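Chemist: Its first residue numbered 6, the sequence shown is counted upward by one per residue in my numbering.
Where a beta carbon is used, it is the ideal one built from N, C-alpha and C, also for glycine.
Quick caveat, the model's predicted, so the values are computed rather than measured.
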Amino acid sequence: MIFAPTAVAGVQRIAPERRGDDRGFFARTLCLKELRAHGIEFQPVQCSTSFNARRGTLRGLHFQAEPRGEDKVIRCTRGRVFDVAVDLRPGSPTFRKAATEILSPDNGLQLFIPRGCAHGFLTLADDSEIEYMMAEYYFPDLARGVRWNDPAFAIRWPEEPQVISDRDRTYPDFKG
Numbered sequence: 006m007i008f009a010p011t012a013v014a015g016v017q018r019i020a021p022e023r024r025g026d027d028r029g030f031f032a033r034t035l036c037l038k039e040l041r042a043h044g045i046e047f048q049p050v051q052c053s054t055s056f057n058a059r060r061g062t063l064r065g066l067h068f069q070a071e072p073r074g075e076d077k078v079i080r081c082t083r084g085r086v087f088d089v090a091v092d093l094r095p096g097s098p099t100f101r102k103a104a105t106e107i108l109s110p111d112n113g114l115q116l117f118i119p120r121g122c123a124h125g126f127l128t129l130a131d132d133s134e135i136e137y138m139m140a141e142y143y144f145p146d147l148a149r150g151v152r153w154n155d156p157a158f159a160i161r162w163p164e165e166p167q168v169i170s171d172r173d174r175t176y177p178d179f180k181g
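#1: Ordered along the chain, which non-local residues of its own chain (more than five positions away) have a Cβ less than 6 Å from that of V151?
#2: Along the beta strand (DSSP E) that carries K77, what are the first and last residues, could you check?
#3: For L147, which of A20, R23, E71, T128 has the nearest alpha-carbon?
#4: So for P110, helix, strand or coil by DSSP?
#5: For D132, does the three-state DSSP call read helix, strand or coil?
#6: Exposed or buried, which one is Q17 when buried takes at least 16 other CB atoms within 10 Å?
#7: In terms of residue numbering, what span does the alpha helix (DSSP H) encompassing A42 cover?
#8: Whose C-beta lies closer than 8 Å to the C-beta of D27 among residues of the same chain, with five residues either side of it excluded?
#9: Distance, Cα to Cα, R41 vs F8?
#10: Can you tell me where the alpha helix (DSSP H) holding D155 begins and where it ends?
#11: I'd like to know whether the C-beta atoms of R85 and I118 end up nearer to each other than 8 Å.
#12: List in chain order: all unbroken beta strand (DSSP E) runs of 3+ residues lying wholly within the segment 41–70.
#13: If we call anything under 8 Å between Cβ atoms a contact, is K102 one with V13?
#14: For H43, which residues in the same chain have their Cβ closer than 8 Å to its Cβ, ignoring the five residues on either side in sequence?
#15: On a Cα-Cα basis, can you pick out the residue from C36, N154, R94 that is closest to W162?
#16: From this set, T82, I19, E46, which residue's C-alpha is nearest S55's C-alpha?
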C-alpha cells in the first residue's frame, strides 16, 4: 500500500500496490501494520456498503459526533465517485478545508478519513458502490452533517447533484 497526504491533515490517500500477471492482479486493501507504520491507528469494527443507481447522486457530508467520532477507510468497488473529506476540527491547521479524490475500481484508491472530518461523495457513473470500513459503531443519535455546498468549505464539485436527500440538501450554514 502506498500512502500520501492530502490537503487535509490526517486524511491519507492510499493506493494499492498491484501485483499483476496474465490472470489479473492481487492487491492488499487493508493492513493494520502498514497503517500503523504511517501513523494511523485504525481498528475496523463495522463495514457498510452504499449502492447508488444514478450518476449525480450526492450523499453527505456526514460525520458522527463525539464521544463516538469515527475513523473510516472509503473505497469505490463499482462505478466512479468524487469523494470529499472536510476538516471540522477547530484546532486543526486545515480546519474547514476539503480533500477530494476520484475513487474507482480502476485506480483502486482509498481514503483514510479521521474522526472529526465530514465525508461525502458524488457519483460520476450509474451503479456506483462505495465500501466503508469504520472504527466505531453507528449511533443514530450522534449522526450529524454539514451541507455539501456550504460556502464555508468552498468545495469545487465536478457537476451539480441530480439526486440528493432533503436532509443533505437542507443542513444549515456551518457555524464553526
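Modeler: In brief:
#1: Translated into positions along the sequence shown, residue 151 becomes position 146. L66, A123, Y176, F179.
#2: Start at 1 with the first residue of the sequence shown, and residue 77 comes out as number 72. That run of the beta strand (DSSP E) goes 77–83.
#3: As a position in the sequence shown, residue 147 is number 142, starting the count at 1. Among A20, R23, E71, T128, the Cα nearest to that of L147 is on E71.
#4: Here residue 110 refers to the residue found at position 105 when the sequence shown is read from its first residue. If DSSP states are grouped into helix, strand and coil, P110 belongs with coil.
#5: Working through the sequence shown from its first residue, we reach residue 132 at position 127. It is coil, neither helix nor strand.
#6: Counted from its first residue, the sequence shown places residue 17 at position 12. That one is buried.
#7: The residue given as residue 42 occupies position 37 in the sequence shown. Taken as a continuous stretch (DSSP letters only), the alpha helix (DSSP H) holding A42 covers 37–42.
#8: Reading the sequence shown from its first residue, position 22 is the one you call residue 27. Within the same chain, D27 has no close Cβ partners at all.
#9: Against the sequence shown, residue 41 aligns to sequence position 36. Against the sequence shown, residue 8 aligns to sequence position 3. Roughly 11 Å separates the two Cα atoms.
#10: Counting from 1 along the sequence shown, the entry for residue 155 is found at position 150. Counting along the chain, D155 falls outside any alpha helix (DSSP H), and DSSP gives it neither H nor E.
#11: Along the sequence shown, one-based indexing puts residue 85 at 80. Along the sequence shown, one-based indexing puts residue 118 at 113. Not closer than 8 Å, so no.
#12: 51–57, 62–69
#13: Position 97 of the sequence shown, counting from 1, holds the residue named residue 102. Position 8 of the sequence shown, counting from 1, holds the residue named residue 13. Cβ atoms of K102 and V13: closer than 8 Å.
#14: On the sequence shown, position 38 is the one that residue 43 refers to. These residues qualify, in order along the chain: F8, Q17.
#15: Looking up residue 162 in the sequence shown gives position 157. The option with the nearest alpha carbon to W162 is N154.
#16: Counting from 1 along the sequence shown, the entry for residue 55 is found at position 50. Of T82, I19, E46, the residue nearest in Cα terms is T82.
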